[in-house]
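Residue numbers (this note's numbering): 4 to 68.
Step one of this worksheet: look at the structure below.
Next up, the structure:
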């Protein structure tokens, strides 16, 4: 007889890209090519944070509580 059940849940949210990212990357000069600069150009962290918080409040938190 099974007395315990363990659930493994994996949560995933894609990172949203900024609009016009290809043009902005093509305009970079050689001395501007750093990981932090590229990440700030590619990913829209403000929108990512807003969407992740909204999804977490509606889905992840109630599921894991």
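The beta-carbon is built from N, C-alpha and C at its ideal position, and this holds for glycine as well.
task: Please name the residue, chosen from 29, 51, 68 and 42, that lies closest to residue 17 on a Cα-to-Cα basis.
output: Cα-wise, what sits closest to residue 17 is 51.
_Could you check whether the stretch 30-39 touches the stretch 6-14, counting it as contact only if at least three pairs of C-beta atoms, one from each stretch, sit closer than 8 Å?_
Inter-segment contact for the stretch 30-39 and the stretch 6-14 is absent: fewer than three beta-carbon pairs are separated by less than 8 Å.
Determine the DSSP secondary structure at residue 67, reduced to helix, strand or coil.
Note: residue 67 maps to helix in three-state DSSP.
- Message: According to DSSP, is residue 25 part of a helix, a strand, or is it coil?
- Response: Looking at residue 25 - three-state DSSP - the assignment turns out to be helix.
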